[in-house]
Structure formats: structure tokens, C-alpha cells
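Presented below is the structure to which this report refers.
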Amino acid sequence: MARYMEALAVERGGFRIKVPESWWEFDVRPESRDDSIRRMVNERVAGHPELAKHRDVYTDFLRKAAADAWKSGALYCGCMAESFGGDTPITGSVTVSLVGGRSASGEPLSTDPAVMAGQLAVKEAKKEGDSWRKVTTVDIPGVGPAARTYGIEDIAVPDDALKRTIRAVLMQTFIPVPGQEGKVALVAGSSQVLDLADSFFDIFDAITSTFRFAE
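The sequence shown begins at 113 in our numbering and counts up by one.
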């Protein structure tokens, strides 16, 4: 894991976050993301020729991650796509979105972490191999408490007419936005590499702990 110790600080609308230097981070807007991804892959392959055999895998993964992030309303997307000598690269992503909700009567929903944690659903695995979700609260250094869910979950495929799902390692942290009633910054980390769930939980937690609101 030593290769992930160097961090790259990224600032977007109203917040900043640090991702490992080896990750890929880019604009998720449709009009610019494909060119950005193509340039990044070309530059990475030029510097590391051994990655050339994974060029199409990297490109396809990054394009899908960017498209899914845009559809979800994310303001930021950072992706891990690393080869450790195997046939398939290890992939994961972190997105940041600003979201809010209202009650049936139109009142902003509470962003108090304890209240949110009490409202988020816990899911127990009934047998080995089932999806599951745990709920907790965490303290983000320099920011304060936040509600969090993490587990192995079935995520709906965006815009899929057959309503299919993809099973993934997922961590979501809901950070209250100061001065904006009902608004939270949602930092979501996901990976389809289920065998490395515990490692990804650690990575997502470490990245989320660097989140700060821009002053």
C-alpha cells in the first residue's frame, strides 16, 4: 500500500478532498470527460508501458464511472484503476455530491448525524453471500460528526430498463453542509472487487477523512 501514501488535493465547488496520487480524477461533464480520460490514459500508458495491455479496460471503466457520477449529480469523481500483476486491474471510485431532502410537508430533513443514522436502514445478511449494510456515525477531522453507511450492497444500474443491479462494496458518508438547512455533502466510495471489501473500507474512510469545506 506504500504507493498510495502520496496524496493529491482536489478542490471543487465548495469543498476539497485528497485522493491518492496514483488515482485518476477528472471533470465529469459529458462535453469534456471523454477527451480528458483519453489524454490521462495515454499519459499513464506512456509513462508505464506495461499498462498498455489494460488500456481499453482503464478507458471503459473510467468512462462508465464518469457517466454514472454525472447521472447521480456528483460534482467530483476520483477513480482507482491499478494493475498488481493480475489479468484484471483493481478498480474503485469515490464521488462527492451535494444533496438535500424534504419531508412530505415540504420541511427540510434533519442533517443531524445522530438523527440521520437513526433513519438509515440497517440490513443483516441472512446467509453467507447476502448483501448487508451497517450504519454508524463518524467524526471527520476539522469538520465534525457525520452519518455513515457501509457494506456489500446491490446498486441499481442507471437507466437500465430491466432494473438490474450490480453488487458492490459501498461506503456513504453524509456530511452536514454548514449554513444550508437540509443539505449534506455525500461522499460515496464503491468498488466491485468484493474480495477486497475490508481494504476498500479502509481506503474510502481515509479519503473521506480528508474532506473539508472550502472557506
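We put the CB at the ideal spot given by N, CA and C, even for glycine.
Since the model is a prediction, treat every value here as computed from it, not as a measurement.
DSSP places E143 in the uninterrupted alpha helix (DSSP H) bounded by P142 to G159. Separation of V299 and Q292 (C-alpha to C-alpha, rounded to the nearest whole angstrom) is 17 Å.
Bridge partners of T249 according to DSSP: A259. Residue nearest to R156 within the set K176, W135 and D172 is W135 (criterion: CA-CA distance). In the assembly as shown, E143 is an exposed residue. Its beta-carbon has fewer than 16 other beta-carbons within 10 Å. In the DSSP annotation of this structure, the continuous segment of the alpha helix (DSSP H) that includes F173 starts and ends at R167 to K183. Taking the Cβ atoms as the reference, G213 lies roughly 6 Å from G294, within the contact range of under 8 Å. In the DSSP assignment, S215 is bridged to no other residue.
In the three-state reduction of the DSSP assignment, F312 falls in the helix class, which pools H, G and I.
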